[in-house]
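Engineer:
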Amino acid sequence: KMLKEEAIDVSLYGTLAQKGALHPVMETMDKIIDYFVALNFSVESGPMVEDDFHNFEALNLPKFHPARDMQDTFYFNDGGLLRTHTSPVQIRTMLETKPPIRMIAPGSVFRRDYDLTHTPMFHQVEGLVVDEKGKVSFANLKSILTDFLHTMFGDVDVRFRPSFFPFTEPSAEVDISCIFCEGKGCRVCSHTGWLEVLGCGIVDPNVFKAVGYEDVSGYAFGLGVERFAMLIHQIPDLRSLFEGDIRLLEQFR
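The opening residue of the sequence shown carries number 165 in our numbering; numbering runs sequentially from there.
(1) To test your reading of the DSSP string, which unbroken beta strand (DSSP E) runs of 3 or more residues are found completely within the region 210-282?
(2) Report buried or exposed for PHE328, applying the criterion of at least 16 other Cβ atoms within 10 angstroms of its Cβ.
(3) Can you grab the Cα-Cα spacing for the pair SER404 / ASP321, in whole Å?
(4) Pick out whichever of VAL300, SER335, MET190, PHE238 has its Cα sitting closest to the Cα of SER381.
(5) Kindly identify the DSSP beta-bridge partner or partners of HIS287.
(6) Three Cβ pairs or more, each shorter than 8 Å: is that satisfied between the region 359-369 and the region 396-413?
(7) Do you know whose CA, among MET166, MET394, PRO400, LEU413, lies nearest HIS287's CA?
(8) Is it buried or exposed, THR192, if we count other Cβ atoms within 10 angstroms and call 16 or more buried?
(9) If we count Cβ pairs, one from each stretch, closer than 8 Å, do we get three or more for the region 255-263 versus the region 349-361?
(10) Could you spell out where the alpha helix (DSSP H) holding ASP311 opens and where it closes?
(11) So, under 8 Å CB-CB, LEU245 and ASN224 are touching, yes? Tell me the CB distance rounded to an integer number of Å.
(12) For PRO334, which residues in the same chain have their Cβ closer than 8 Å to its Cβ, ignoring the five residues on either side in sequence?
(13) Tell me the rounded alpha-carbon separation between SER251 and ASP277.
(14) Which class does ARG325 belong to by DSSP, given the choice of helix, strand or coil?
(15) Apply the 10 Å Cβ neighbour rule to ARG417 and answer buried if 16 or more other Cβ atoms are within range, or exposed otherwise.
(16) Among GLY184, ASP173, VAL174, HIS249, which one has its Cα closest to the Cα of ILE410?
(17) Rounded C-beta distance between VAL289 and PRO270? I'm assuming under 8 Å.
(18) Identify the continuous alpha helix (DSSP H) that holds THR192 and give its terminal residues.
(19) Let me know the secondary structure DSSP gives PRO334 once reduced to three states.
(20) Using the C-alpha atoms, what's the distance from TYR377 back to VAL294?
(21) Once you ignore the five residues that flank ILE308 on each side, which residues in its own chain have a CB closer than 8 Å to its CB?
(22) Checking 8 Å against the spacing of the C-beta atoms, do TRP358 and ARG323 come in under that value?
(23) Taking the beta strand (DSSP E) that LEU359 falls in, what are its first and last residues?
Structure (structure tokens):
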């Protein structure tokens with residue numbers, strides 16, 4: 165009698181369980197990491213609390229560089245700081261490893277900035293390839309980044325334009341044709357038809373000198389994961405990614 169009363173009617177509808185999902189930033193980061201791991205890049209990590217040498221000095225950022233200003237960087241009383249990019253991971257990897265190197269460094273970074281397109285904490289993925297002189301070129305860099313952007317954004321136009329970064333020379337900013345207006349010009353792309361998505365360049369010899377490398381060449385690149393997530397999911401305000409608004413997050417189940 166007891167077994168009969170407690171029997172489960174399998175024909176009845178079950179309780180609808182709430183299904184979770186990855187946060188859009190983590191989902192985007194995983195996709196980026198998967199792309200480069202498939203190309204035999206290793207994934208490296210390092211401390212978020214850094215020192216001046218690894219975060220600035222070894223990356224050819226001189227004492228007077230504005231990035232060192234307290235308005236841009238979180239400093240501790242003992243002289244330590246919260247890393248402003250994941251480039252220190254590249255320095256630590258080169259100090260501990262002999263070339264060739266083929267790596268990416270994903271992780272959290274910190275800057276004193278907060279508005280529609282900036283938050284005090286955000287995520288970067290930076291990449292580094294180092295090999296004997298003559299084995300690494302800007303053409304290699306251009307080819308891999310073009311394919312990467314096509315993987316992330318589909319059939320978009322890609323352009324490289326000259327820029328400046330202290331740790332690379334020559335340097336370039338990489339743009340894609342606006343995915344919102346297909347390059348025709350709109351408010352999102354400031355009516356230019358282009359969206360800036362990452363920076364890259366050939367590693368400056370001073371960086372190799374700081375880690376004791378000789379007769380090598382290499383290229384590096386870096387991107388903001390939130391920037392990619394905003395473009396892929398068409399999210400207008402970067403801050404909304406960190407506010408935990410269930411109305412936004414439930415759209416990514």
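Backbone N, C-alpha and C fix where the C-beta goes; we use that ideal spot for every residue, glycine too.
Structural biologist: Short version:
(1) As far as the region 210-282 is concerned, its whole beta strand (DSSP E) runs of at least 3 residues are 265-274.
(2) Exposed, by the Cβ-count rule.
(3) Looking at the two C-alpha atoms, the distance is approximately 28 Å.
(4) With distances taken between Cα atoms, SER381 lies closest to VAL300.
(5) Secondary-structure assignment with DSSP links HIS287 through a beta bridge to SER272.
(6) Touching, no.
(7) The option with the nearest alpha carbon to HIS287 is MET394.
(8) Taking all protein chains in view, the Cβ of THR192 is crowded by 16 or more other Cβ atoms within 10 Å, so the residue is classified as buried.
(9) With contact defined as three or more Cβ pairs closer than 8 Å, the region 255-263 and the region 349-361 are not in contact.
(10) 302-317 is the extent of the alpha helix (DSSP H) around ASP311.
(11) Rounded, the Cβ-Cβ distance is 17 Å, inconsistent with contact.
(12) Correct list, in chain order: PHE302, PRO326, GLY365, ILE366.
(13) Here the alpha carbons of ASP277 and SER251 stand approximately 19 Å from one another.
(14) Three-state result, ARG325: strand.
(15) Around the beta carbon of ARG417, fewer than 16 other beta carbons sit within 10 angstroms, so the residue counts as exposed.
(16) Looking from the CA of ILE410, the closest CA among GLY184, ASP173, VAL174, HIS249 belongs to GLY184.
(17) With a Cβ gap of about 4 Å, VAL289 and PRO270 count as contacting.
(18) THR192 -> alpha helix (DSSP H) spans 188-202.
(19) Correct three-state label for PRO334: strand.
(20) VAL294 and TYR377: Cα-Cα distance of roughly 10 Å.
(21) Leaving aside the five residues that flank ILE308 on each side, the residues in its chain whose CB is nearer than 8 Å to its CB run, in chain order, LEU203.
(22) Less than 8 Å divides the Cβ of TRP358 from the Cβ of ARG323.
(23) From DSSP, the beta strand (DSSP E) with LEU359 extends over 358-367.
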